[in-house]
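Input: a single structure, listed below in structure tokens.
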Amino acid sequence: MAELVPVQPFDMVVFGATGDLARRKILPALFHRWCDGQIPQTSRILAAAREEMSTPEFLERAREFINGSARKDAWDAFCKQVSYTAVDAAGVSPGWTELKAALAPEAGKVRIFYLALPPSIYGSVCAAIGAHGLNTPGSRIVLEKPIGHDFHSARSINEAVGAVFGEDAIFRIDHYLGKETVQNLLVLRFANMLFEPVWNAAGVDHVQITVAETLGAGTRAAYYDRAGALRDMVQNHLLQLLCLVAMEPPASLEGDAVRAEKLKVLRALRLVSPGAASASVVRGQYGPGVIGQDRVAGYGEEVGEATRTETFVALRADIDNWRWAGAPFYLRTGKRMAQRRSEIVIQFKPVPHDLIRADAGLLQPNRLVIRLQPDEGVKLMLMTKDPGPGGMRLRYVPLNLSYADAFAAGYPDAYERLLMAVVRGNLGLFMRRDEVESAWRWTDAVVAAWREAGLALHPYPAGTDGPPQALQLMARDGREWYDSHDR
Ligand code: BG6
């Protein structure tokens with residue numbers, strides 16, 4: 001693992017500290033970075049939420065999600081840097097005075113506000129931070145997705161936050177950008193000479209991006225039922241992956257250089273029209289089924305009523321620019337699928353001339369499979385000669401790089417990288433306002449198109465790869481999904 005460079009000392013106020021996100025992700029991530037010596041001893045984590053409780057009570061609860069193998073003395077030492085304040089983040093509350101006193105300015109310290117809260121109150125929390133004079137110059141704010149549920153709500157959230165914090169101080173998280181394998185996409189593309197000359201519609205037939213989960217809506221049903229797979233996953237994670245695959249080489253990896261290139265891709269995405277919706281979008285919802293050994297309930301039973309929210313979506317996205325015209329991107333994501341699996345497949349075109357005898361086996365075009373999770377790795381499918389005398393036979397074989405084998409040390413969770421990037425002020429791993437709004441514009445067009453076209457909601461049994469209509473989406477174009485688990 002690369003050498004760890006400690007970050008500057010910081011004070012981080014985590015609003016919504018008793019919520020799921022803070023307890024499952026943020027605190028464990030901070031603890032792990034602390035254990036690795038990346039967080040200076042003078043840094044402080046100020047947990048804040050509405051519930052009245054003492055700091056020891058808060059810490060006792062927070063411990064639940066800390067890896068059981070963590071040493072008790074390490075946890076106790078980390079806890080000395082954590083305090084809890086009861087505060088109504090969006091309202092009037094004596095807790096604000098306490099926070100203000102705790103946050104007395106200290107030279108050279110970075111101040112961060114993390115809103116692990118519902119986006120509907122981002123604006124009022126920012127206003128309260130401003131009204132209490134806590135947004136000192138250089139203060140940063142971290143926002144979780146979803147930023148709104150459509151273009152207009154995203155814009156009004158962005159405006160309310162922007163009234164208090166400058167764009168350079170706003171860190172909008174898409175945790176996929178913090179994943180090691182997602183960052184590796186940049187290295188794979190731009191630190192190797194091999195791919196870039198054919199990384200375009202002349203060399204690539206199409207791209208597939210699949211993010212399949214085995215989880216259901218679970219405890220987040222109330223949120224999920226209003227969002228659905230398109231808003232929950234495609235608008236952010238899948239579009240960010242699409243951007244990293246499709247963008248032009250940025251001049252550097254500095255924050256705005258990458259973000260500017262991603263924005264150009266989002267702006268070049270063709271808006272789905274009602275006429276095109278039935279051929280290019282498939283919506284599905286899981287019914288009861290079996291995953292592994294477990295029988296699981298259908299979506300309706302899980303959320304307590306029959307709704308028309310999609311838990312699966314597959315669609316064809318066209319990027320209308322010079323590089324990608326004619327090479328579509330197929331996106332697919334769903335809950336309660338057969339396997340947890342996120343991967344990007346770059347399907348190259350066939351060679352222009354088949355000089356090998358036709359009876360020697362099928363000459364297949366190269367395929368690059370970038371496996372994001374689990375079993376992270378990169379696989380390049382190549383044609384080779386089947387060894388042995390007696391003629392020329394072909395075999396399609398993988399050139400395989402398994403991360404687990406190559407990098408035994410493992411690597412940190414996405415949140416660990418993102419939190420340290422906030423302290424460092426590295427905006428490149430976060431979404432800029434115009435990116436988020438552009439992604440919503442395209443997403444809104446998909447929703448409007450499927451509403452107008454009256455698109456069906458296809459059932460699929462939990463534990464499968466989604467409704468069969470998703471296969472037809474590809475078959476209509478003479479293509480098929482590449483499922484590494486069954487080949
Ligand atoms: C979140 C979505 O952003 O990403 C969840 O809201 C989803 O519905 C999760 O389960 C997937 O993240 P990961 O890192 O497990 O792929």
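The opening residue of the sequence shown carries number 1 in our numbering; numbering runs sequentially from there. Glycine included, C-beta positions come from ideal geometry on N, C-alpha and C. Since we're looking at a predicted model, the values are computed, not measured.
Would residue i be called buried (16 or more neighbouring beta carbons within 10 Å of its own) or exposed?
i: D354; result: exposed
i: A306; result: exposed
i: T136; result: exposed
i: T181; result: buried
i: S438; result: buried
i: P374; result: exposed
i: V397; result: exposed
i: D20; result: exposed
i: V343; result: Per the sequence shown, the amino acid found at residue 343 is Glu instead of Val. Looking at its Cβ environment, which holds 16 or more other Cβ atoms inside 10 Å, E343 is buried.
i: R487; result: Reliability fails at R487, whose pLDDT of 46 lies under 50, so the model's placement of it is uncertain and the value that follows must be treated cautiously. Exposed.
i: N400; result: exposed
i: R340; result: exposed
i: S43; result: buried
i: G292; result: exposed
i: D11; result: buried
i: P146; result: buried
i: W199; result: buried
i: A47; result: buried
i: K100; result: exposed
i: F171; result: buried
i: V345; result: buried
According to DSSP, is residue i part of a helix, a strand, or is it coil?
i: M233; result: helix
i: I112; result: strand
i: D294; result: strand
i: R63; result: helix
i: K379; result: strand
i: H206; result: strand
i: T307; result: coil
i: N184; result: helix
i: Q8; result: coil
i: N366; result: coil
i: G289; result: strand
i: V136; result: In the sequence under discussion, the amino acid at residue 136 is Thr, which differs from the Val named in the question. In this structure, T136 counts as coil in the three-state DSSP scheme.
i: Q347; result: strand
i: L429; result: helix
i: L399; result: strand
i: M337; result: strand
i: L471; result: helix
i: A102; result: helix
i: G91; result: coil
i: D20; result: helix
i: E301; result: helix
i: E167; result: helix
i: L177; result: helix
Which residues mark the beginning and the end of the alpha helix (DSSP H) in which residue i is found?
i: L266; result: G255 to A268
i: L406; result: Here residue 406 is Ala; the residue named in the question, Leu, does not match the sequence. Y403 to A406 is the extent of the alpha helix (DSSP H) around A406.
i: D434; result: R433 to A453
i: Y330; result: Note, Y330: premise wrong, no alpha helix (DSSP H); beta strand (DSSP E) at F329 to G334.
i: R424; result: A414 to R424
i: R155; result: F151 to G162
i: F78; result: K72 to C79
i: I129; result: Y122 to A131
i: Q41; result: Element bounds for Q41: n/a, residue is neither H nor E.
i: V245; result: L239 to A246
i: M53; result: Here M53 belongs to no alpha helix (DSSP H), and DSSP marks it neither H nor E.
Going by the DSSP bridge assignment, what does residue i pair with across the sheet?
i: H458; result: G284
i: S342; result: V211 and Q373
i: L394; result: K385
i: V14; result: A47 and Y114
i: T97; result: Partner(s): none; T97 has no beta bridge.
i: T464; result: M337
First and last residue of the beta strand (DSSP E) that includes residue i?
i: S83; result: V82 to A86
i: D496; result: Beyond the ends of the chain as shown, which are 1 and 487, falls residue 496; an answer cannot be given.
i: V313; result: F312 to A317
i: V142; result: R140 to L143
i: L46; result: R44 to A49
i: I170; result: I170 to R172
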